[in-house]
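Engineer:
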Amino acid sequence: LAKTTQPISMDSYEGQEVNITCSHNNIATNDYITWYQQFPSQGPRFIIQGYKTKVTNEVASLFIPADRKSSTLSLPRVSLSDTAVYYCLVGESGGYQKVTFGTGTKLQVIP
Amino acid sequence: NAGVTQTPKFRILKIGQSMTLQCTQDMNHNYMYWYRQDPGMGLKLIYYSVGAGITDKGEVPNGYNVSRSTTEDFPLRLELAAPSQTSVYFCASSYVIQGTGELFFGEGSRLTVL
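Keeping their order, the protein sequence lines are chains A and B.
Numbering of the first sequence is given in my numbering, commencing with residue 18 and proceeding in unit increments.
Numbering of the second sequence is given in my numbering, commencing with residue 15 and proceeding in unit increments.
1) Which residues of chain B have a Cβ atom closer than 7 Å to the Cβ of Gln125(A), listed in chain order?
2) Using a cut-off of 7 Å between C-beta atoms, extract the partners of Phe63(A) located in chain B.
3) Check Leu79(A) in the structure and name its three-state DSSP category.
4) Run down chain B in chain order and give the residues with a C-beta less than 7 Å from the C-beta of Phe129(A).
5) Buried or exposed for Ala45(A), please, with buried defined as at least 16 other CB atoms from any protein chain shown within 10 angstroms of its CB.
6) Are any of the Cβ atoms in chain B nearer than 7 Å to that of Tyr113(A)?
7) Could you give the DSSP three-state label for Gln114(A): helix, strand or coil?
8) For the 8 Å Cβ check, are there 3 or more pairs between the region 24-32 of chain B and the region 71-78 of chain B?
9) Classify Asp140(B) as helix, strand or coil using the three-state DSSP reduction.
10) Is DSSP giving Ser107(B) helix, strand or coil here?
11) Step through the CB atoms of chain A and report whether any lies within less than 7 Å of the CB of Gly120(B).
12) Measuring straight from C-alpha to C-alpha, what distance separates Leu92(A) and Glu34(A)?
13) Let's test the definition: count the other Cβ atoms within 10 Å of the Cβ of Gln125(A) and tell me whether it reaches 16, buried, or not, exposed.
14) At which residue ranges does the region 32-99 of chain A contain complete alpha helix (DSSP H) runs of 4 or more residues, listed in the order of the chain?
15) Work out the CA separation of Ala96(B) and Thr73(A) for me, nearest whole Å.
16) Buried or exposed for Leu35(B), going by 16 or more other Cβ atoms inside 10 Å?
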């Protein structure tokens with residue numbers, strides 16, 4: 018199972034771009050990289066998923082270098098409502114039964 | 015569009031009591047999961063199911079049981095509740111097309127065992 022390492026916490030001012038990097042040195046060939054967001058007292062919510070290079074959707078971008086040993090979630094122009102815990106998950110196709118949620122990165126957006 | 019629905023939202027149990035947390039999804043997802051989340055921690059997988067009639071243990075199955083008689087429902091049974099089972103429980107479902115799919119979570123059930 019691929020182990021992930023992410024910063025425990027980050028602070029950012031409103032309007033700034035935030036980049037959260039996740040390290041996954043032993044990622045396997047078939048593994049995908051997925052990021053989730055969790056607000057207090059709520060279940061996590063899917064943000065973005067990728068396999069290689071760059072993926073972009075309406076809320077975030079995911080950058081994955083060629084060696085895939087790390088990935089970076091980029092949140093453009095954060096607002097106070099982006100204050101949450103962000104989880105980086107790595108796992109192969111076929112469901113989440115072998116995927117581990119770490120403690121995530123607690124992002125605090127400051128006015 | 016309800017998604018994943020969990021009941022109850024809150025429950026207080028006495029040590030040794032039993033209860034069932036209900037989970038139902040209306041998205042026709044084949045995979046369903048139960049997680050627990052302790053304060054300040056990530057989610058830990060208790061049990062999962064890849065389809066009706068098929069269940070398997072996750073990382074922390076002791077003290078729990080599940081069943082999956084239909085695609086929609088995946089109840090979690092706590093037998094002989096213990097204080098260590100005080101936690102927030104999340105049910106989730108996914109439909110795998112490519113990659114690991116997207117997990118859809120319920121709102122959670124906060125359980126306190128006294």
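Built from N, CA and C at the ideal position, the CB exists for glycine as well.
Note that the structure is predicted; figures quoted are calculated from it, not measured.
Structural biologist: According to the structure shown:
1) Walking along the first sequence from the start, residue 125(A) turns up at place 108. The contacting residues do not exist; Gln125(A) stays about 14 Å from chain B at best.
2) Here residue 63(A) refers to the residue found at position 46 of the first sequence. Within chain B, Glu116, Leu117 have C-beta atoms less than 7 Å from the C-beta of Phe63(A), given in sequence order.
3) As a position in the first sequence, residue 79(A) is number 62, starting the count at 1. Leu79(A): strand per DSSP, three-state reduction.
4) One cannot answer for residue 129(A) here, as it falls past the ends of chain A, which runs 18 to 128.
5) As a first step, residue 45(A) must be located in the first sequence, where it is residue number 28. Answer is exposed; the Cβ neighbour count stays below 16.
6) Sequence index remark: in the first sequence, residue 113(A) carries index 96 (1-based). It does: the Cβ of Tyr113(A) has a partner Cβ on chain B nearer than 7 Å.
7) Translated into the one-based positions of the first sequence, residue 114(A) becomes position 97. The answer is coil: DSSP assigns Gln114(A) none of H, G, I, E or B.
8) No contact exists between the region 24-32 of chain B and the region 71-78 of chain B.
9) Outside the modelled stretch of chain B, which goes from 15 to 128, sits residue 140(B), for which no answer is possible.
10) Against the second sequence, residue 107(B) aligns to sequence position 93. Residue state, collapsed to three classes: strand.
11) Taking the second sequence and counting its residues from 1, the one referred to as residue 120(B) is at position 106. Cβ-Cβ to chain A under 7 Å: yes for Gly120(B).
12) As a position in the first sequence, residue 92(A) is number 75, starting the count at 1. As a position in the first sequence, residue 34(A) is number 17, starting the count at 1. Distance between the alpha carbons of Leu92(A) and Glu34(A) is about 6 Å.
13) Numbered from its first residue, the first sequence carries residue 125(A) at position 108. Counting Cβ neighbours within 10 Å, Gln125(A) comes out exposed, since fewer than 16 surround it.
14) Scanning the region 32-99 of chain A for uninterrupted alpha helix (DSSP H) segments of 4 residues or longer gives nothing; none is fully contained.
15) Taking the first sequence and counting its residues from 1, one reaches residue 73(A) at position 56. Taking the second sequence and counting its residues from 1, one reaches residue 96(B) at position 82. Cα atoms of Thr73(A) and Ala96(B): separation of roughly 45 Å, rounded to the nearest angstrom.
16) Within the second sequence, the letter at position 21 stands for residue 35(B). Under the 10 Å beta carbon count, Leu35(B) is surrounded by 16 or more other beta carbons and is classified as buried.
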